[in-house]
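The opening residue of the sequence shown carries number 58 in our numbering; numbering runs sequentially from there. Worksheet: the structure to be examined is printed underneath.
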Amino acid sequence: MVVIYNNETNSMEEVVSVLMQATGCDAIEMWEAHTFGKAPVHFADKQECDEAAKVIASIGIKTEVAREWID
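What follows is the structure, given as structure tokens:
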């Protein structure tokens, strides 16, 4: 899964735009990161998550690729 973290650098519009481009997510995920400090935004295999995180991080948003749960 890809997790994004809130920042004070990017506008909400920028975040929604890059999330739509990278994952198809919308404003709900941006709002969650803004409100709670972080939000899961994409669930897929590691390669796809790495690719999505790279696109999101390209505008300066901190991302993390992590497993959905620990076995």
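Yeah, the Cβ is synthetic: ideal placement off N, Cα and C, and Gly gets one too.
Compute the distance between the beta-carbons of residue 98 and residue 82, then report whether it is under 8 Å. Indexing the sequence shown from 1 puts residue 98 at position 41. Indexing the sequence shown from 1 puts residue 82 at position 25. Cβ distance < 8 Å, so residue 98 and residue 82 count as in contact.
Give the range of the beta strand (DSSP E) segment to which residue 61 is assigned. Translated into the one-based positions of the sequence shown, residue 61 becomes position 4. Counting along the chain, the beta strand (DSSP E) containing residue 61 begins and ends at 59–62.
Item checked: Cβ-based neighbour list, residue 124, same chain, cut-off 8 Å, excluding 5 preceding and 5 following -> In the sequence shown, residue 124 corresponds to position 67, counting from 1. For residue 124, the CB contacts under 8 Å within the same chain, skipping 5 residues up- and downstream, are 58 in chain order.
Starting from residue 120, follow its DSSP beta bridges and name the residues at the other end. In the sequence shown, residue 120 corresponds to position 63, counting from 1. Per DSSP, 61.
For a quick check, are the C-beta atoms of residue 116 and residue 67 less than 8 Å apart? Sequence index remark: in the sequence shown, residue 116 carries index 59 (1-based). Sequence index remark: in the sequence shown, residue 67 carries index 10 (1-based). Yes, they are a contact pair.
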